[in-house]
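A.B. asks: The structure follows.
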Amino acid sequence: MALQAASSLLPSTVSIRKEGYKFNAYLKETTLTGFSFSNHLKAEKISNLLTIKRRQSPRFSTVIRAQTVTATPPSNEASPEQKKTQRKGTAVITGASSGLGLATAKALADTGKWHVIMACRNFLKAEKAAKSVGMSKEDYTVMHLDLASLESVKQFVDSFRRTERPLDVLVCNAAVYQPTAKEPSFTAEGFELSVGTNHLGHFLLSRLLLDDLKQSDYPSKRMIIVGSITGNTNTLAGNVPPKANLGDLRGLASGLNGQNSSMIDGGEYDGAKAYKDSKVCNMLTMQELHRRYHEETGVTFASLYPGCIATTGLFREHVPLFRLLFPPFQKYITKGYVSEEEAGKRLAQVVSDPSLGKSGVYWSWNNNSSSFENQLSKEASDAEKAKKLWEVSEKLVGLA
Ligand code: LMG
Ligand code: NDP
Ligand code: PMR
Numbered sequence: 102m103a104l105q106a107a108s109s110l111l112p113s114t115v116s117i118r119k120e121g122y123k124f125n126a127y128l129k130e131t132t133l134t135g136f137s138f139s140n141h142l143k144a145e146k147i148s149n150l151l152t153i154k155r156r157q158s159p160r161f162s163t164v165i166r167a168q169t170v171t172a173t174p175p176s177n178e179a180s181p182e183q184k185k186t187q188r189k190g191t192a193v194i195t196g197a198s199s200g201l202g203l204a205t206a207k208a209l210a211d212t213g214k215w216h217v218i219m220a221c222r223n224f225l226k227a228e229k230a231a232k233s234v235g236m237s238k239e240d241y242t243v244m245h246l247d248l249a250s251l252e253s254v255k256q257f258v259d260s261f262r263r264t265e266r267p268l269d270v271l272v273c274n275a276a277v278y279q280p281t282a283k284e285p286s287f288t289a290e291g292f293e294l295s296v297g298t299n300h301l302g303h304f305l306l307s308r309l310l311l312d313d314l315k316q317s318d319y320p321s322k323r324m325i326i327v328g329s330i331t332g333n334t335n336t337l338a339g340n341v342p343p344k345a346n347l348g349d350l351r352g353l354a355s356g357l358n359g360q361n362s363s364m365i366d367g368g369e370y371d372g373a374k375a376y377k378d379s380k381v382c383n384m385l386t387m388q389e390l391h392r393r394y395h396e397e398t399g400v401t402f403a404s405l406y407p408g409c410i411a412t413t414g415l416f417r418e419h420v421p422l423f424r425l426l427f428p429p430f431q432k433y434i435t436k437g438y439v440s441e442e443e444a445g446k447r448l449a450q451v452v453s454d455p456s457l458g459k460s461g462v463y464w465s466w467n468n469n470s471s472s473f474e475n476q477l478s479k480e481a482s483d484a485e486k487a488k489k490l491w492e493v494s495e496k497l498v499g500l501a
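For my numbering, count along the sequence shown from 1 and bump the result up by 101.
Okay, here's the thing in C-alpha cells:
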C-alpha cells in the first residue's frame, strides 16, 4: 500500500544531481522471505522496507528490495525481573530540550517509573521545555552538558556523580545538522562541529559513564546511541546525496580541525555529509561497545532509527522552503513521517521495554509501530572500521 502510494506520487525514477553526482532508483516488486512484497506492505512502512541493492554495472542505478523483518509487538507488561524493581530507574538523555529527546523524557516520566536527567546545553530552554510538556518536578533534573566541549563532558560526569544517583540508562541523543553551512565550524577543542558534537562528545561521555552503568543494580542497564536511516546506504534515504562515507578515516586521524580536512574521509567540507558520517560513527560505536563490553558488563547497547521526525529543531538551519515542504513530503509521499510523540514512545521502548533488551541491535519500526531488528549498511556494520574509529576517537578525546 505504502509502496503503491509512493510509487504513484513519485516518478518511478528519482534523479538527484549534486556536484556531478547522479542518483537513480527504481521501485521493483520482489518477495520477502517467502511473503509477497505487496501483502507485506499492508503492515510495513516504506521507509523501513526499502533497501537498496547495488547492481553490478550502472554505477548509480539501484534496485530496492524489502528487508528481512522480525516484528516484535510493543509490550507494556513488566517482566518478573522488572516487577522486582523497587526504585525508579535513572536515565540520562542528552539533548532533551527539544524534539526526540524531550518527547522521550516525557514518555519515560509519564510512566512514573523513571527519573530523567536532561543533559542539555541550554539550561533555561530545557527547564521551559520540561514544563511545556507537563513533566512534574520530581520526574526530572536538568543538568548542563555541552557536547561541543570535552571539558563540559567531563564536568557533566563529575556533577552527575555528585548527585549520587545510580546510572541505569544513558541515551546519546543530541545532534546538530548544518546542511547549508558553506564553511565548517568547530568545537571548543577544534573538531568539526557535527562530528565533534554528535560523535566525539558522545564517545567521551559514553566511555566515562560506562563504569557508572556497570555499577548499577538495575535489572536492565542500557546504553543507546541514536542512529539514522540517512547514514545507511542500503536504503533509499541513505542514497540521497551527499552520501555518508568515512573512507579510510584519514581526515579524522589528522584531527578533523580544518587544517588538513574537516571531513572524516579527508574530503571537502559538506555539512550534510558530515552529519550523515557522524550517524555512521554513532552506529559503529554502538556495535564496538557491544563487542567490547556487553559480556563483561551486562549492559545492553542499542541504536535505532525512530522514523522521520520532520518537524524537529534538527532542520533549523535548512532553507525555509525545505522546512515547509519536508513534513508533507515525508507524510504523504515517503510515508516515513512520525510525530515527535510517537518517536519519543519508540525511543522510550528501547530504554525500558523488556522485549527490546537484546544488545548490539539497530531498532526500527513498522507502519503499525512494531519494532524490528533492522540491518545496517555495509559501512555502518563494518567491524574493522568500527575498531579503527574507536582507536582514532580515543586518541582525539584524550583517552589513549
Ligand atoms: C540539499 O538541499 C543541498 O543542496 C545539499 O547540499 C545538502 O545540504 C542537502 O541533505 C541535505 O540538501 C536540499 C534542497 C534540494 O532542498 C531545498 O533547497 C529546498 C527544498 C526544495 C524542494 C523542491 C521544490 C520543488 C517543489 C516542486 C514539487 C515537485 C513535486 C515532486 C513530487 C511529486 C509529487 C507529485 O531538495 C531536495 O533534494 C528535495 C527536498 C525534499 C523535500 C521536499 C520535496 C518536495 C516535494 C514536494 C511535495 C510537497 C508536498 C506535498 C503534499 C502532498 C500531497 C498529497
Ligand atoms: P532537535 O534539534 O530537536 O534536538 C537536538 C537536541 O540536541 C537539542 O536538544 C539540542 O539542544 C541538542 N544539542 C545540540 N547540540 C548540542 C550540544 N553541543 N550539547 C548538548 N546538546 C546539544 O533534533 P531531533 O530531536 O530531531 O534529533 C535528536 C536525535 O534524533 C539526533 O541524534 C538525530 O540525529 C536523530 N534523528 C532525527 C531524525 C529526524 O527526522 N528528526 C531522524 C533520525 C534520527 P538545543 O535545544 O539547545 O538546541
Ligand atoms: Mg530524505 C523512504 C524515503 C525517505 C525517508 C524515510 C527519508 C528520511 N528520506 C526519504 C527519501 C528522500 N529524501 C528522497 C526521495 C529525497 C529526494 C527528494 C529526500 C531528500 C532529503 C533531504 C534533502 N531527505 C532529507 C533531506 C535532508 O536534509 C534530511 C537529511 O538528510 O538530514 C541529514 C533528510 C532526511 N530524510 C529522511 C530523514 C530521517 C531525514 C532527516 C535526517 C536524519 O535525521 O538522519
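C-beta atoms are modelled at their ideal positions from N, C-alpha and C, and glycine is treated no differently.
Under three-state DSSP, which class holds residue 403?
C.D. replies: On the sequence shown, residue 403 is found 302 positions in, with the first residue counted as 1. Residue 403 falls in the strand class under three-state DSSP.
A.B. asks: Within 10 angstroms of the Cβ of residue 237, are there 16 or more other Cβ atoms? Answer buried if so, exposed if not.
C.D. replies: For the purposes of this step, residue 237 is taken as the residue at position 136 of the sequence shown. Answer is exposed; the Cβ neighbour count stays below 16.
A.B. asks: Have a look at 194, 234, 224 and flag the residue whose alpha-carbon is nearest the alpha-carbon of residue 215.
C.D. replies: Here residue 215 corresponds to residue number 114 of the sequence shown, with the count starting at 1. Per the Cα distances, 194.
A.B. asks: Using only the alpha-carbon positions, how far apart do residue 347 and residue 414 sit?
C.D. replies: Position 246 of the sequence shown, counted from the first residue, corresponds to residue 347. Position 313 of the sequence shown, counted from the first residue, corresponds to residue 414. Cα to Cα, residue 347 sits roughly 26 Å from residue 414.
A.B. asks: Note down, in chain order, each residue of its chain lying with its Cβ closer than 7 Å to the Cβ of residue 159, except the 5 sequence neighbours on either side.
C.D. replies: Mapped onto the sequence shown, residue 159 falls at position 58. Only weak support exists for where residue 159 lies, its pLDDT of 33 falling under 50; the coordinates are left without a value.
A.B. asks: For residue 269, which option in 290, 399, 368, 281 has the closest C-alpha, if you only look at C-alpha atoms?
C.D. replies: Counting from one through the sequence shown, the residue named residue 269 turns up at place 168. It is 399 whose Cα lies nearest to the Cα of residue 269.
A.B. asks: Between which two residues does the alpha helix (DSSP H) holding residue 249 run?
C.D. replies: Taking the first residue of the sequence shown as 1, we reach residue 249 at position 148. From DSSP, residue 249 is part of no alpha helix (DSSP H); its letter is neither H nor E.
A.B. asks: Drop a sphere of 10 angstroms on the beta-carbon of residue 299, count the other beta-carbons inside from all chains shown, and report buried for 16 or more, exposed for fewer.
C.D. replies: For the purposes of this step, residue 299 is identified with residue 198 of the sequence shown, where counting begins at 1. By the neighbour-count rule (16 or more Cβ atoms within 10 Å), residue 299 is buried.
A.B. asks: So, is residue 272 buried or exposed, given that buried needs 16 or more other C-beta atoms within 10 angstroms?
C.D. replies: Position 171 of the sequence shown, counting from 1, holds the residue named residue 272. Looking at its Cβ environment, which holds 16 or more other Cβ atoms inside 10 Å, residue 272 is buried.
A.B. asks: Compute every distance between the C-beta of residue 453 and the non-hydrogen atoms of ligand 2, then say whether any falls below 7 Å.
C.D. replies: The residue given as residue 453 occupies position 352 in the sequence shown. False, no ligand heavy atom lies under 7 Å from that Cβ.
A.B. asks: Looking at residue 221 and ligand 2, is the gap between the Cβ and the nearest heavy atom below 7 Å?
C.D. replies: In the sequence shown, the residue the question calls residue 221 occupies position 120. Correct: residue 221 has its Cβ closer than 7 Å to ligand 2.
A.B. asks: Within the continuous alpha helix (DSSP H) that includes residue 373, where are the two ends?
C.D. replies: Position 272 of the sequence shown, counting from 1, holds the residue named residue 373. 372-398 is the span of the alpha helix (DSSP H), which, as asked, contains residue 373.
A.B. asks: Relative to the C-alpha of residue 257, which residue among 201, 233, 224 is closest?
C.D. replies: By one-based count along the sequence shown, residue 257 stands at place 156. Measuring from the Cα of residue 257, the nearest candidate turns out to be 224.
A.B. asks: Check each candidate in 290, 381, 500 and name the one with the smallest Cα separation from residue 356.
C.D. replies: Position 255 of the sequence shown, counted from the first residue, corresponds to residue 356. The option with the nearest alpha carbon to residue 356 is 290.
A.B. asks: Name the two residues that bound the continuous alpha helix (DSSP H) containing residue 451.
C.D. replies: Within the sequence shown, numbered from 1, the residue matching residue 451 stands at position 350. Its alpha helix (DSSP H) spans residues 441-453.
A.B. asks: Measure the CB-CB distance between residue 382 and residue 277 and report whether it falls below 8 Å.
C.D. replies: The sequence position of residue 382 within the sequence shown is 281, counting from 1. The sequence position of residue 277 within the sequence shown is 176, counting from 1. Their beta carbons are not under 8 Å apart, which means residue 382 does not touch residue 277 by this criterion.
A.B. asks: Short of 7 Å in beta carbon distance, which residues of its chain neighbour residue 230, apart from the five on each side in sequence? Order them along the chain.
C.D. replies: As a working mapping, residue 230 is identified with position 129 in the sequence shown. Only 198, 199, 203 meet the Cβ criterion.
A.B. asks: Check for me: the alpha helix (DSSP H) holding residue 233 runs from which residue to which?
C.D. replies: Here residue 233 refers to the residue found at position 132 of the sequence shown. Per DSSP, residue 233 belongs to the alpha helix (DSSP H) from 224-233.
A.B. asks: Does the Cβ of residue 377 have 16 or more other Cβ atoms within 10 Å, making it buried, or fewer, making it exposed?
C.D. replies: By 1-based counting over the sequence shown, the position of residue 377 is 276. Under this definition residue 377 is a buried residue.
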